[in-house]
Each structure stands twice: as C-alpha cells, then as structure tokens.
Ligand code: TYD
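Quick look at the structure:
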C-alpha cells in the first residue's frame, strides 16, 4: 500500500521477487516509478555520524531506496518535518521537488540507490535552508 507523506512524497512498495536463489526488486517506469528515469546514482561508504543531502530541488523528482543497510531520511516541506527509515529494499521513497531532505544514521553497509527524472544539474539544487524556507513560504 502506498503511504502518503508530507510535501506530496510517498512510500512506494516494491515487490520482493524471491525464490530459492535469493531476492530481486524491479523498478519500472509507470509501474513503480512515476517518472521517466534519466539518471541513477548510489550513495555508499558514508562515514559514521555523517549527514548527507541537506538540500531541496526546484524540479527534480527522485525515488530512493536502501538496497542494503539503512538510513534515516528527514523530509521537510517548510511546514513540518517527517522521519522515514529506509531500511528495506522494498521501500521506495518518492521525494518531490521543494522538499528539503537530509539523510542521517547511515549503517556502514548502506547502499542508497536513487533514481531521478533529470540529469545532474547543480542549478536545480537549493542548498541553503533559509533560502529554501523563503521559497517554501512564497
Ligand atoms: P551531493 O549532492 O553533495 O550528495 P548528497 O546529496 O548525497 O549529499 O553530491 C556529491 C558530489 O557528487 C557533488 O560533487 C556532485 C556530484 N554528483 C554528480 O556528479 N552527479 C549526481 O547525479 C549527483 C547526485 C552528485
């Protein structure tokens, strides 16, 4: 069941296709991912106690999941904050534009896979929280 979160974000359940050989999760456009996938990146080897993210996007939509291990995602839509643990490869987190997000408490084995609907573009980032809040209030 899809779970609605703040800022239009959602937890999208992915199907674990397991058999005696192990497990597999697929992410397919329109079935699981509500956008055209133009980029994928993986975050790994994050040091203990190191936060990442700390930004929002003007336009980019992303789907994030922990392939292995876990991390805590903090979502902030300028009105409230919400914690989401990404601790299972079947939990896909859709992060919408104009949602400030931070990742904390990475386990040492965490591999965070992120799918995005835009190529990397630094101009799409809002990296200053006060600037984000001003834009979110406007
Ligand atoms: P950064 O946005 O700081 O990572 P995070 O949001 O996880 O804290 O990105 C780290 C570096 O990687 C930075 O130099 C930009 C670069 N980068 C790319 O080249 N392509 C990408 O798709 C992403 C997400 C980052």
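Numbering (my numbering), first residue to last: 1185 to 1322. Yeah, the Cβ is synthetic: ideal placement off N, Cα and C, and Gly gets one too. Here the structure is a predicted model, which means the values were calculated and not measured.
Distance, residue j Cα to residue i Cα
i            : j            : result
residue 1241 : residue 1298 : 14 Å
residue 1194 : residue 1204 : 31 Å
residue 1322 : residue 1267 : 24 Å
residue 1233 : residue 1221 : 31 Å
residue 1295 : residue 1250 : 6 Å
residue 1286 : residue 1311 : 11 Å
residue 1262 : residue 1201 : 37 Å
residue 1198 : residue 1217 : 10 Å
Any non-hydrogen atom of the ligand TYD closer than 7 Å to residue i Cβ
i            : result
residue 1304 : yes
residue 1258 : no
residue 1217 : no
residue 1253 : no
residue 1239 : yes
Collapsed DSSP secondary structure at residue i in the structure displayed
i            : result
residue 1316 : helix
residue 1300 : strand
residue 1233 : coil
residue 1243 : coil
residue 1191 : helix
residue 1311 : coil
Burial state of residue i, where buried means 16 or more other Cβ atoms lie within 10 Å
i            : result
residue 1276 : buried
residue 1248 : buried
residue 1245 : buried
residue 1293 : exposed
residue 1260 : buried
Boundaries (first-last residue) of the beta strand (DSSP E) holding residue i
i            : result
residue 1275 : 1275 to 1279
residue 1267 : 1265 to 1270
residue 1197 : 1194 to 1197
residue 1260 : 1255 to 1260
residue 1285 : 1284 to 1288
residue 1228 : 1223 to 1228
heavy atom of the ligand ADP below 7 Å from residue i C-beta
i            : result
residue 1321 : No copy of the ligand ADP occurs in the structure displayed; its ligands are the ligand TYD alone.
Cutoff 8 Å: residue i Cβ touching any chain C Cβ
i            : result
residue 1219 : The structure shown contains no chain C; it is built from a single protein chain.
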